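*Asks:*
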């Protein structure tokens, strides 16, 4: 367990910034959807082990449910982790949501798919190399790594 608390409760600050800075309406959502739709073309299995790093409130669980035998989520903020557990229960999927940061986590398995959606911009620059090495270490051979961040696509 970690003492980390996501600083933007309810994403109110993030929403204000997005509303003011988006180049067009629903940019953030459309940008992420475009990247994820492209990535989904490379998923050819229905029983993948999936790791969702910084899963937040579990918003991507439903989208990746058709491909997963099990999803492991990592979320250091306890309040967001609890909402992720509720989301998993509501969509009836086996999700293990761990209350820790990815860099602190120790996994016994490798994952077929690793999601890192809108997380990397929250990582300290000094930790990026460790993040990259951890992603490589935990991804199965031939696995799919999906990373999204701000400015993922154009109009």
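Residue numbers (our numbering): 973 to 1127.
Just so it is clear, CB atoms sit at the ideal spot from N, CA and C, and this is done for glycine as well.
Bear in mind that the values here come from a model prediction, so they are computed numbers and not experimental data.
Measure the CB-CB distance between residue 1018 and residue 1048 and report whether it falls below 8 Å.
*Replies:* Not closer than 8 Å, so no.
*Asks:* Tell me the DSSP secondary structure of residue 1087 in three-state form.
*Replies:* Strand at residue 1087.
*Asks:* Here's the rule I'm using: 16 or more other beta-carbon atoms within 10 Å means buried, otherwise exposed. How should residue 1063 be labelled?
*Replies:* Exposed is the call here.
*Asks:* From residue 1067 to residue 1114, what does the alpha carbon distance come to, in whole angstroms?
*Replies:* Cα to Cα, the separation comes out at about 23 Å.
*Asks:* Name the residue from 1092, 1013 and 1110 whose alpha carbon lies nearest to the alpha carbon of residue 1021.
*Replies:* The option with the nearest alpha carbon to residue 1021 is 1110.
*Asks:* Run through the DSSP bridge pairs and tell me what residue 1021 is partnered with.
*Replies:* 1042.
*Asks:* How about the segment 1051-1062 and the segment 1077-1089: do they share at least three Cβ pairs that are nearer than 8 Å?
*Replies:* As far as the Cβ criterion goes, the segment 1051-1062 does not touch the segment 1077-1089, which means the pair count is below three.
*Asks:* Are the CB atoms of residue 1092 and residue 1121 within a distance shorter than 8 Å?
*Replies:* A contact, by the Cβ cut-off of 8 Å.
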